[in-house]
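To start, the structure itself, in structure tokens.
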Amino acid sequence: MQMYNCMRAHSGFSLVELSIVLVILGLLTGGILSGQALIRAAELRSVSSQFQTYQAAIFSFRDRYMALAGDMSMATRFWGFDDTAPSCTNRTGAANAGTAGTCDGNGDGQLATVPAGGSGERTEFWRHLARAGLIEGSYTGLAGPTNSSHAILGENVPRARISSVGWWASTITGTGSASFTRPIHNMLVVGALTTTPVNNLSAPFLKPEEAWNLDTKLDDGRPAYGKIVGRNISTCTTTSDPSNFSAEYLLSSSAIGCALNFIDFF
1347 MQMYNCMRAH
1357 SGFSLVELSI
1367 VLVILGLLTG
1377 GILSGQALIR
1387 AAELRSVSSQ
1397 FQTYQAAIFS
1407 FRDRYMALAG
1417 DMSMATRFWG
1427 FDDTAPSCTN
1437 RTGAANAGTA
1447 GTCDGNGDGQ
1457 LATVPAGGSG
1467 ERTEFWRHLA
1477 RAGLIEGSYT
1487 GLAGPTNSSH
1497 AILGENVPRA
1507 RISSVGWWAS
1517 TITGTGSASF
1527 TRPIHNMLVV
1537 GALTTTPVNN
1547 LSAPFLKPEE
1557 AWNLDTKLDD
1567 GRPAYGKIVG
1577 RNISTCTTTS
1587 DPSNFSAEYL
1597 LSSSAIGCAL
1607 NFIDFF
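Below, the structure is given as structure tokens:
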């Protein structure tokens, strides 16, 4: 009988032991969640810091060359002509071997569309900035083969520091956009890669609260006004009407719903 009682006493866990295990599990779970929150906070800060880097590069380029990167009509005089690039415009420069050169823009102050698989101002934008030594990376100046906005992260556009997210330069007239209707403007878009159409940088990657946070810190906190404008408005804001400028960020939603346009600063 004594042996039975002894074995019974040592089988299973006591309440104290179970409590200790639960406390440890709680601490581990809390640590994981805290770590995830810190990683996400760092990712959001990186959006802000990358934008400020590109903003400074754009201003420095304009000050140095008196032109908009990508649109610069005499870029090939500085960096040579990329004679391998389809639809590459060469106004003034000598040919360089391979892709060591670049292509010219038309100098109208806007970023023209890019033919699928070819060179154009919206992709040359990043190549001009890199050739000038103002941003990191090396860019092809070519759209991907599928469509005029086919982004290839790290090849024709910069990667963001968030998975499957990147930066695209554009000029838009205010129509046909997933954003609010605005007059014609140049802009940077930060967004995730889409699947339809293939590999455009217009898919959401931010929760509305995260977009609001960035907008508030860098601009005015309003998705339809200022220089930071909410994109994917039906899932990002309180409206699906691109002419409803009284809309606010949809802070009640915890779903990923927003990309961002940075407009009218270049």
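For what it's worth, the working numbering labels the leading residue of the sequence shown as 1347, then goes sequentially.
In this text, a Cβ means the ideal position worked out from N, Cα and C, and glycines have one as well.
Predicted model only: the values in this text are computed from it and were never measured.
Report yes or no: do the segment 1420-1434 and the segment 1537-1556 share at least 3 C-beta pairs separated by less than 8 Å?
-> Taking 8 Å as the limit for Cβ pairs, the verdict is that the segment 1537-1556 does not touch the segment 1420-1434.
Quick one: what does DSSP say MET1353 is sitting in, helix, strand or coil?
-> Any reading at MET1353 is ruled out, since the residue's pLDDT is 49, under 50, leaving its predicted position unreliable.
Give every residue of the same chain whose Cβ lies closer than 7 Å to the Cβ of TYR1350, excluding the five residues on either side of it in the sequence, and list them in chain order.
-> Residue placement at TYR1350 is poorly supported in this model, since its pLDDT is 49, which falls under 50; the coordinates are not used for a value here.
Pick from LEU1596, SER1510, ASP1587 that is closest to GLY1537, judged by C-alpha positions | Taking the Cα of GLY1537 as reference, the smallest distance to any Cα among LEU1596, SER1510, ASP1587 is reached at SER1510.
Could you check what DSSP says for ASN1559 in three-state terms: helix, strand or coil?
-> The answer is helix: DSSP assigns ASN1559 an H, G or I state.
Per DSSP, which one or two residues make a beta bridge with SER1516?
-> For SER1516, which the question treats as bridged, DSSP gives the partners MET1533.
In the DSSP assignment, what residue or residues form a beta bridge with ALA1538?
-> For ALA1538, which the question treats as bridged, DSSP gives the partners VAL1511, ALA1549.
What does a CB cutoff of less than 7 Å around LEU1414 pick up in its chain, not counting 5 residues either side in sequence?
-> These residues qualify, in order along the chain: ARG1408, GLY1455, PHE1612.
Kindly list the residues whose CB is nearer than 6 Å to the CB of ALA1446, restricted to its own chain and excluding five residues on each side of it in sequence; keep chain order.
-> Within the same chain, ALA1446 has no close Cβ partners at all.
May I ask you to check if the CB of CYS1582 is nearer than 7 Å to at least one heavy atom of the ligand ADP?
-> Absence of the ligand ADP is noted for the structure shown, with no ligands found whatsoever.
Residue closest to ALA1478, alpha-carbon to alpha-carbon, out of ILE1609, ARG1410, PHE1397 = Among ILE1609, ARG1410, PHE1397, the Cα nearest to that of ALA1478 is on ARG1410.
Run of the beta strand (DSSP E) containing ARG1577, from where it starts to where it stops = Under the DSSP assignment, ARG1577 falls in the beta strand (DSSP E) whose first and last residues are 1574-1577.
For ALA1506, which option in SER1495, ARG1386, VAL1393 has the closest C-alpha, if you only look at C-alpha atoms?
-> Of SER1495, ARG1386, VAL1393, the residue nearest in Cα terms is VAL1393.
Between ARG1354 and LEU1371, what straight-line distance do the alpha-carbon atoms span, to the nearest angstrom?
-> For ARG1354, the predicted model reports a pLDDT of 49, less than 50, meaning its position is unreliable and no value from the coordinates is stated.
Ordered along the chain, which non-local residues of its own chain (more than five positions away) have a Cβ less than 6 Å from that of HIS1531?
-> The beta carbon of HIS1531 sits closer than 6 Å to the beta carbons of ILE1609, ASP1610 from its chain, once the five residues preceding and following it are set aside; these are given in chain order.
Report yes if the C-beta distance between LEU1596 and THR1517 is below 8 Å; otherwise report no.
-> Contact annotation: LEU1596 and THR1517 have beta-carbon atoms that are not nearer than 8 Å.
SER1598, buried or exposed, once every other Cβ within 10 Å from all chains shown has been counted against 16 = By the neighbour-count rule (16 or more Cβ atoms within 10 Å), SER1598 is not buried but exposed.
Specify, as a first and last residue, the run of the beta strand (DSSP E) that PHE1611 falls within.
-> Note, PHE1611: premise wrong, no beta strand (DSSP E); not H, not E.
C-alpha distance - ALA1489 paired with SER1365, whole-angstrom precision | Taking the CA atoms as reference points, ALA1489 sits about 59 Å from SER1365.
Residue environment, PHE1405, which counts as buried when at least 16 other CB atoms sit within 10 Å | Exposed, because fewer than 16 other Cβ atoms sit within 10 Å of the Cβ of PHE1405.
Presumed contact (8 Å Cβ cut-off) between TYR1400 and ILE1481, rounded CB distance = Going by Cβ atoms, the distance from TYR1400 to ILE1481 rounds to 7 Å, so yes, they are a contact pair.
CA nearest to the CA of LYS1553, picked from VAL1535, GLY1576, THR1540, GLY1572 = With distances taken between Cα atoms, LYS1553 lies closest to GLY1576.
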